[in-house]
Amino acid sequence: MRRIPPGKVATYGQVARLAGLGGQARMAGYALHAAPDEIDIPWHRVINARGRISLPRENGQYDLQKTLLEAEGIVFRNETVDLQRYRWRPEKQ
DNA sequence: AACTTGACTTCCG
DNA sequence: CCGGAAGCCAAGT
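Letter by letter, the first sequence follows residues 1490 to 1582 of my numbering.
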């Protein structure tokens, strides 16, 4: 996840594949949920396959991630990110 | 040891 | 494009 550049996003499934988890997307999410908040990785650049944030709107969790992404220049259209445009392509890095 | 849960994904209507 | 069902697997009950 640390390789995801600012202004780009990756899906849980994508991260899971790169981690050798064979596309077990839930494990990527589970890892982040279990990890401490002060973790040294850009967790906010990971979203779901539909281009939306997978956190509950309650307790400001959702808004925090959305704000962090917008601060990097990512634009939300109707609570959704345009993956065609913002998805990170590891190969081209 | 069986059952439930979940920062998910894909397929179908 | 959206919601529901099925598939997935580690952790917690």
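Just so it is clear, CB atoms sit at the ideal spot from N, CA and C, and this is done for glycine as well. Since the structure is predicted, the reported quantities are computational estimates derived from the model, not experimental observations.
Just to check my reading of the structure: residue i and residue j have Cβ atoms closer than 8 Å, yes? What is that Cβ distance to the nearest angstrom?
i: Ala1505; j: Met1516; result: 6 Å
i: His1533; j: Leu1557; result: 4 Å
Apart from the five residues just before and just after residue i, which ones in its own chain have a Cβ nearer than 6 Å to its Cβ?
i: Glu1561; result: Pro1495 and Gly1496
i: Ile1530; result: Met1490 and Arg1491
Hey, out of the options, whose CA is closest to residue i's CA?
i: Arg1539; options: Ala1524, Glu1580 and Gln1503; result: Gln1503
i: Glu1568; options: Arg1576, Glu1580, Tyr1551 and Arg1578; result: Tyr1551
By Cβ distance below 7 Å, which residues in the same chain neighbour residue i in space, the five residues on each side in sequence not counted?
i: Lys1555; result: Ile1542 and Phe1565
i: Ile1536; result: Val1498, Thr1500, Ile1542, Ser1543 and Val1570
Can you grab the Cα-Cα spacing for the pair residue i / residue j, in whole Å?
i: Glu1580; j: Leu1553; result: 29 Å
i: Trp1577; j: Ile1493; result: 7 Å
Name the two residues that bound the continuous alpha helix (DSSP H) containing residue i.
i: Leu1507; result: Tyr1501 to Leu1507
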